[in-house]
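Worksheet: the structure to be examined is printed underneath.
Protein chains in written order, with UniProt numbering: chain Z, 1 to 181; chain C, 1 to 181.
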């Protein structure tokens, strides 16, 4: 897993932010030459595929400043310091949807943008959803709205461009492949 | 598509690099409060699912500095100025794999990390591959090795963690769902 390894000669820290940091590494390439790599550091995130007892998928509509538009996505959120992915997934599911589950199943983990970022998203399946009695508040700068859809409706939203991100596109194919609804 | 819109009050340019840029925007939230958004700007990219006449999928093994490891991914690359996604896809397919096709089919486009980056990946399917007579050279700082796998072998590589990125994970489910091999 270290094939064609690029060794770091020097790291320049450019920015350290609330969510991400940016550094530029000088590296030695396999042919002995050097190059620069611009690298975004991210704490990692979770995403949850919530399926209601009625067989609907739960999405959140939210504004994505990076895209300057709103999207329909499966619930997701970044890891807070000291949190395991499981804890984050339980917390984000409850904060964003008002649902909880006793049955949180890890599916897979993947890198979202391996060319420039170290973000890894840990994917979970949440079935047998129960409504939380007293919904916890989420981040104070986060505004989301719940949307429950059948798988067919969700694929239509994807064709129409309202579902527009990799983890959610992956989720729809996963639910279909596993026959989960 | 502008629900919960966050209006920009001020943009601070932090870094302008070879591949990505970083800016921090002050925004007005729907409740009138303000917040900061750390935003990575990326030119966009393409990814290609190449299927050989023998029904194998073509991957490239490469070192990903952001992850400090090598991965098996479908061929991909960023858009150069003035290039259409189709051109980029043809170019990257040829540079990275030595294959070309007369049949490049757009599948979908998605945002990879909507929480902090504007990167969009345009996905293509490449069937009826032909070996290029004289392979064009790729980026001089890019070292890749070709790996051809059946879909079953690819799913095994994913379970073993050698396939580890969202666009490639999506590709495997897509090929399976559409019965392409």
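Just so it is clear, CB atoms sit at the ideal spot from N, CA and C, and this is done for glycine as well.
Check	Outcome
Contacts of residue 69 of chain Z in chain C (Cβ-Cβ under 8 Å)	1, 2
With 16 other Cβ atoms within 10 Å as the buried cut-off, status of residue 115 of chain Z	buried
Under 9 Å between C-beta atoms of residue 107 of chain Z and residue 74 of chain Z	no
Secondary structure of residue 156 of chain C, DSSP reduced to three states	helix
Rounded straight-line distance, which links the Cα of residue 21 of chain C to that of residue 4 of chain Z	26 Å
C-beta neighbour in chain D for residue 51 of chain C, strict 9 Å	Of the protein chains in this structure, namely Z and C, none is chain D.
Residues that residue 23 of chain C contacts on chain Z, provided the C-beta gap is smaller than 8 Å	Within chain Z, no residue comes near residue 23 of chain C; the closest Cβ sits about 10 Å away, beyond 8 Å.
Span separating the alpha-carbon of residue 182 of chain Z from that of residue 151 of chain C	Because chain Z here runs from 1 to 181, residue 182 of chain Z falls outside it and cannot be looked at.
Alpha-carbon to alpha-carbon, residue 41 of chain Z and residue 23 of chain Z	8 Å
Proximal residues, the segment 10-37 of chain Z versus chain C, C-beta separation under 8 Å	14, 15, 17, 18, 19, 20, 22, 24, 25, 27, 29, 30, 31, 33, 35, 36, 37
Residue 65 of chain Z at chain C interface by Cβ criterion, 9 Å	yes
Beta-carbon proximity check, residue 98 of chain C vs residue 131 of chain C, cutoff 9 Å	yes
Partner residues on chain C for residue 112 of chain Z, Cβ-Cβ distance less than 7 Å	112, 113, 166
For residue 22 of chain Z, three-class secondary structure by DSSP	strand
Burial state of residue 10 of chain C (16 or more Cβ within 10 Å)	exposed
Coarse secondary structure for residue 67 of chain C, derived from DSSP in three states	coil
Burial state of residue 34 of chain Z, where buried means 16 or more other Cβ atoms lie within 10 Å	exposed
9 Å Cβ cutoff met for residue 101 of chain C and residue 128 of chain C	yes
Same chain, Cβ closer than 8 Å to residue 62 of chain Z, neighbours up to 5 away in sequence not counted	70, 71, 73, 142, 143, 144, 145
Bridge-paired residues (DSSP) for residue 15 of chain C	C:22
Straight-line gap, residue 154 of chain Z to residue 172 of chain Z (C-alpha atoms, nearest Å)	7 Å
Beta carbon proximity, residue 108 of chain Z to chain C, threshold 9 Å	yes
Buried/exposed call for residue 156 of chain C, threshold 16 Cβ in 10 Å	exposed
DSSP state of residue 85 of chain Z mapped onto helix, strand, coil	helix
Spatial distance of residue 147 of chain Z from residue 59 of chain Z (CA atoms)	5 Å
Amino acids of chain Z, ordered along the chain, whose beta-carbon sits closer than 8 Å to that of residue 169 of chain C	108, 110, 170
Inter-residue Cα distance where the pair is residue 50 of chain Z and residue 29 of chain Z	43 Å
Nonlocal neighbours in the same chain, by C-beta distance under 6 Å from residue 79 of chain Z, ignoring five residues either side	43, 44, 88
Rounded straight-line distance, which links the Cα of residue 83 of chain Z to that of residue 168 of chain Z	23 Å
Residue from Z:67, Z:68, Z:57 whose Cα sits closest to the Cα of residue 93 of chain Z	Z:57
Three-way DSSP call (helix, strand, coil) for residue 130 of chain Z in this model	strand
Best match in C:52, C:120, C:68 for proximity to residue 161 of chain Z [C-alpha to C-alpha]	C:120
CA nearest to the CA of residue 39 of chain C, picked from Z:18, Z:53, Z:133	Z:18
Amino acids of chain C, ordered along the chain, whose beta-carbon sits closer than 7 Å to that of residue 5 of chain Z	63
Whole-number beta carbon distance between residue 104 of chain C and residue 90 of chain C, since they are thought to touch under 8 Å	6 Å
For residue 151 of chain Z, the three-state DSSP class (helix, strand or coil)	helix
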